[in-house]
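Take a look at the structure set out below.
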Amino acid sequence: MFPRGVQYGTSVSSFEKRHSKPIVDFEEGAFPPEEARLRCQLAALYRLVDLFNWSQGVFNHMTVRLPGDLMEILINPFGLLYHEQTASTLVKVDLDGNILHPGSTILGINQAGYTLHSAIHGARCDLLCVIHLHTPAVAAISATKCGLLPLCQESMIVGPVAYHDYQARFLYSTKICYSVDAKGILVDLKERESLVEDMGSCNVMILRNHGFVVGGRSIEEAFHLTYHLILACETQVST
């Protein structure tokens, strides 16, 4: 299993230069021990996703739920690229959208990320980590009526897949496209119920004409499912 950016010609020097910023960039005692550990692991996950060329600029998001009964999550600040994420930059928020710790930046959070992730974390306490991405192959499969087919062993590893009809209205001009009174998961808190209902007990959900959401009982499990989902979709697209 090799990151494609490295496998297909990225030089070692350019890779080291891009990922030379330390992940662990806070002093000991700055955060509670378990939060500190999860901050480091989530920041490492952002770097890994970037290494596999799954990131899209400053968009998409991945979260972890902090231990305890307060339902707090860590999410990336909106404005940093994935290879710029560090343990201290991550923002701590509650399920009501209140920022409990801004991290080491003043960037704030992506409202879309908060809405989607808080819905899943609030309903699925068994999931520690939630990953939302849209890679080309998964987006292509999400636009088909058949969805993901059992064509390879990777699709079997992924297990049951749920589907959610992504809904949003967009206003187009000659230069830009932006959401207006969006009905979908990007900004509407009412969409939470539909999202959670469609996901059910599955850990993998494809968002029609959009991308996917993967949840795991650990960060490692979430990455494992994400890797095999993307590979399964790439196999199906090329078949």
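Positions 1 to 239 (full-length UniProt numbering) are the ones given, in order, by the sequence shown.
The beta carbon of each residue, even a glycine, is placed where N, CA and C say it ideally should be.
Beyond the five residues adjoining it in sequence on each side, Gly-200 comes within less than 8 Å, by CB distance, of Ala-162 in the same chain, given in chain order.
Note on the region 40-121: whole beta strand (DSSP E) runs with a minimum of 3 residues are 61-65, 72-75, 91-94 and 99-101, in chain order.
The alpha-carbon of Thr-63 is positioned some 22 Å away from that of Pro-160. For Ala-162, the uninterrupted beta strand (DSSP E) segment begins and ends at 161-164. In this structure, Ala-222 lies away from Cys-125, with their beta-carbon atoms at least 7 Å apart. By the criterion of at least three beta-carbon pairs nearer than 8 Å, the region 36-56 is in contact with the region 86-106. Scanning its chain for C-beta atoms nearer than 8 Å, with the 5 sequence neighbours on each side dropped, one finds around Leu-80 the residues Val-58, Thr-89, Thr-105 and Leu-107, in chain order. Selection Leu-195, Asn-76, Leu-70 and Pro-102 evaluated against Leu-95 yields Leu-70 as nearest (Cα-Cα).
When rounded, the separation of the alpha-carbon atoms in Leu-149 and Glu-84 is 36 Å. The Cβ atoms of Ser-155 and Arg-208 lie no closer than 7 Å to each other. Assignment of Leu-133 by DSSP, reduced to helix, strand and coil, places it in the strand class. Taking 8 Å as the upper bound for CB-CB distance, Leu-74 and Ile-219 are not in contact here, some 11 Å apart. Counting only residues of its own chain and dropping the five nearest sequence neighbours on each side, Phe-26 has a CB closer than 7 Å to the CB of Ala-87 and Ser-88. Per DSSP, the unbroken beta strand (DSSP E) holding Leu-207 starts and ends at 204-207. For Phe-31, there is no enclosing alpha helix (DSSP H), as DSSP gives it neither H nor E. For Val-213, the enclosing beta strand (DSSP E) starts and ends at 211-216. When only Cα atoms are considered, Leu-127 and His-121 end up about 7 Å apart.
CA-CA distance, Pro-77 to Thr-144, rounds to 33 Å.
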